[in-house]
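Numbering-wise, the sequence shown is residues 843 to 1137 according to our numbering.
Backbone N, C-alpha and C define an ideal beta-carbon position, used for all residues, glycine too.
Read through the structure below, which is laid out as structure tokens, and then see the notes.
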Amino acid sequence: MFMIGYVKRILVGFAAGACVSCFAVPAAAAAPAPGNLGAVPPRTSISFTHSPSGTTVGTPNQHESRPGLSLVKLYIADYVYDHGTEAEKAAAFRMLQTSDDAIALSLYTAYPQSIAVTAEKYGLGDTHAASHWGNSTTSTYDASTFLEARKRDHGLQDPILVALATATPVAADGYAQNYGTALVPGVIGTKWGWSDDRASVHASASYGTDFSMSAQTYGPATQLTADVLEAFPSGSPAQRALVDATMAAHSAVDSAAAAVGSVPGSSGAAASGADTAHAGIDSASAQVRALMATP
């Protein structure tokens, strides 16, 4: 009961404070611009492509081939849309929306060449396929390049991009899909990735009308978000306040869950309560961002 009540107070305070900001300041319309890439710590890699010019900039390690996580599902989906059946294409769409590992396994079993062929198709030199899709590697440069190519070749109605634009707030495994590049102003759709332990590695790849970008960090989701927003300080005061409030709420939930979980026999309930609370915070944040974007 303590955990439930605590979470409710967090959400009420978060929503109230964020809504004040969203009505006080108009939403920013300007596209994001990388301003502090040099300040990004080595733990994080970031790449940003400006669509009109085709220019890509990033951190010094943007070509580092790192764990691909669920970002490589993009490459599997690309192959399926080129060679798969209609049923497989529909499955690929759901896989991207919900980051469904079971669908990824099924499609990669059917098309084990998919990641390698897609990498060759788009010249993704930092992407390397593995026998299990989840062990494949890629770079933020390659992920950004891929999204930009899909947008250039197929437009914003490309089914892969539409799947990212309609991604579910919570993934098939119960993990919240709302962090990293998704919080940069102007983003239309995002693909997220996270390690099995939900702590060691996080990544995201997003696109907007005139840009594509990707980021990955060795650490938690909140760390990825913080590093990305440090590199792209273009949000309005209200948007920055909303992100700060969201991250603070997540941190408070984690602290409460750790305290409750330290009580013998309470770890399971604490973890379940924390997952529910995190999903609620992200849902509230998404609703406030929608209000901020409304003219």
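Between Ala-932 and Ser-893, the alpha-carbon positions lie close to 28 Å from each other.
Assigned with DSSP and collapsed to three states, Gln-1019 falls in coil, not helix or strand.
Counted as a single uninterrupted DSSP element, the beta strand (DSSP E) harbouring Val-899 occupies residues 897-900.
By the neighbour-count criterion, in which 16 or more other beta carbons inside 10 Å mark a residue as buried, Asp-1000 falls on the buried side. By the Cβ-count criterion, His-974 is exposed, with fewer than 16 other Cβ atoms from all chains shown falling within 10 Å of its own Cβ. Counting C-beta pairs with one atom in each stretch, the region 962-974 and the region 882-889 have fewer than three that are closer than 8 Å, which means they do not touch. Rounded to the nearest angstrom, the gap between the Cα atoms of Val-899 and Thr-982 is 11 Å. Fewer than three beta-carbon pairs drawn from the region 1068-1075 and the region 924-944 are found closer than 8 Å, and the two stretches are therefore not classed as touching. Separation of the CB atoms of Pro-874 and Gly-997 is rounded to 21 Å, and the pair is thereby denied contact status at 8 Å.
Taking one beta carbon from each stretch, the region 902-916 and the region 1036-1051 have 3 or more pairs nearer than 8 Å; the two touch. In this structure, DSSP gives Ser-1046 an extended state, which the three-state scheme calls strand.
In chain order, Val-882, Pro-883, Arg-885, Thr-886, Ile-888, Ala-1057 and Thr-1059 place their CB closer than 8 Å to the CB of Asp-1069, counting only its own chain and leaving out the 5 sequence neighbours on each side.
Beta-bridge analysis with DSSP links Met-1055 to Phe-890 and Ser-1048. Beta bridge pairing from DSSP links Pro-909 with Thr-979. Annotated three-state conformation of Thr-1010 is coil, per DSSP. Looking from the CA of Trp-1034, the closest CA among Ala-1009, Ala-1116 and Leu-947 belongs to Ala-1009.
The distance from the Cβ of Ser-978 to that of Ala-972 is about 5 Å, consistent with a contact at the 8 Å cut-off. Collapsing the DSSP output to three states places Thr-969 in coil. The C-beta distance from Leu-949 to Val-922 rounds to 6 Å, short enough to fall under 8 Å. Within the same chain, and ignoring the five residues on either side of Leu-1003 in sequence, the residues whose Cβ sits closer than 7 Å to its Cβ are Arg-992, Lys-993, Gly-1031 and Tyr-1049. With fewer than 16 other Cβ atoms from the protein chains shown falling within 10 Å of its own Cβ, Gln-955 counts as exposed.
Here Val-914 has Ile-957, Trp-975, Ser-978 and Thr-980 as same chain residues with Cβ atoms under 7 Å from its own Cβ, once five neighbours each way along the sequence are excluded. Comparing alpha-carbon positions, the option among Ala-952, Gly-1110 and Gly-896 lying closest to Thr-927 turns out to be Ala-952.
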